[in-house]
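Undergrad: Numbering (this note's numbering), first residue to last: 7 to 163.
#1: Could you tell me the alpha carbon to alpha carbon distance between residue 127 and residue 27, rounded to whole angstroms?
#2: Measuring only the C-alpha atoms, how far is residue 65 from residue 109?
#3: Touching or not, the segment 115 to 131 and the segment 80 to 94, by the rule of three or more beta carbon pairs under 8 Å?
#4: On the three-pair Cβ rule with 8 Å, is the segment 98 to 108 touching the segment 44 to 59?
#5: Please list, in chain order, all residues of the same chain as residue 56 whose beta carbon is under 8 Å from its beta carbon, the five residues on each side excluded.
#6: How big is the Cα-Cα spacing for residue 150 and residue 138?
#7: Ordered along the chain, which non-local residues of its own chain (more than five positions away) have a Cβ less than 6 Å from that of residue 132?
#8: Among 153, 107, 146, 112, which one has its Cα closest to the Cα of residue 124?
#9: Write down every uninterrupted run of the alpha helix (DSSP H) in the segment 32 to 84 whose length is 4 residues or greater and which is fully enclosed by it, in chain order.
#10: State the start and end residues of the unbroken alpha helix (DSSP H) segment that holds residue 119.
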């Protein structure tokens, strides 16, 4: 009886509380533009090779970080179609090189001492691309804010 009384009391206290609305559905994933689809596919293939075969390869952690840096660059390119042509060339060159390096390492080649710095260089270049894109977007936003502020002043707001 005590349990029923507690339930009924809670029920009376909460009857007027509106039920929470269901959260909105998650946004649709951004589609990869056709010009970047090849790079996306090649990165997926490299990622799969890193999971299945490359953990035993020399420099596997550095190779993984390099693939991840290129994936981040690709993700940052998707909403910026005006940057795709130049980034596509950069990605294609890096992916060709990484693919050839992996083929040789998978065949048993010993990595030269210059490979680790090269992989670091690819990561740094991808990070620099991303930083330049962010800087360009920040500059564009700053200009837009100035334009809107000027229009607001002119409009007497």
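The beta carbon of each residue, even a glycine, is placed where N, CA and C say it ideally should be.
TA: Taking the definition as stated:
#1: As a position in the chain shown, residue 127 is number 121, starting the count at 1. As a position in the chain shown, residue 27 is number 21, starting the count at 1. Looking at the two C-alpha atoms, the distance is approximately 49 Å.
#2: Walking along the chain shown from the start, residue 65 turns up at place 59. Walking along the chain shown from the start, residue 109 turns up at place 103. Between residue 65 and residue 109, the C-alpha separation is close to 14 Å.
#3: no
#4: yes
#5: Counted from its first residue, the chain shown places residue 56 at position 50. Closer than 8 Å at Cβ, skipping near neighbours: 66, 69, 70, 73.
#6: Mapped onto the chain shown, residue 150 falls at position 144. Mapped onto the chain shown, residue 138 falls at position 132. Approximately 18 Å between the Cα atoms of the pair.
#7: Here residue 132 refers to the residue found at position 126 of the chain shown. Taken in chain order, the residues that qualify are 75, 76, 79.
#8: Along the chain shown, one-based indexing puts residue 124 at 118. That would be 107, whose Cα lies nearest to the Cα of residue 124.
#9: 40 to 58, 66 to 83
#10: Here residue 119 refers to the residue found at position 113 of the chain shown. From DSSP, residue 119 is part of no alpha helix (DSSP H); its letter is neither H nor E.
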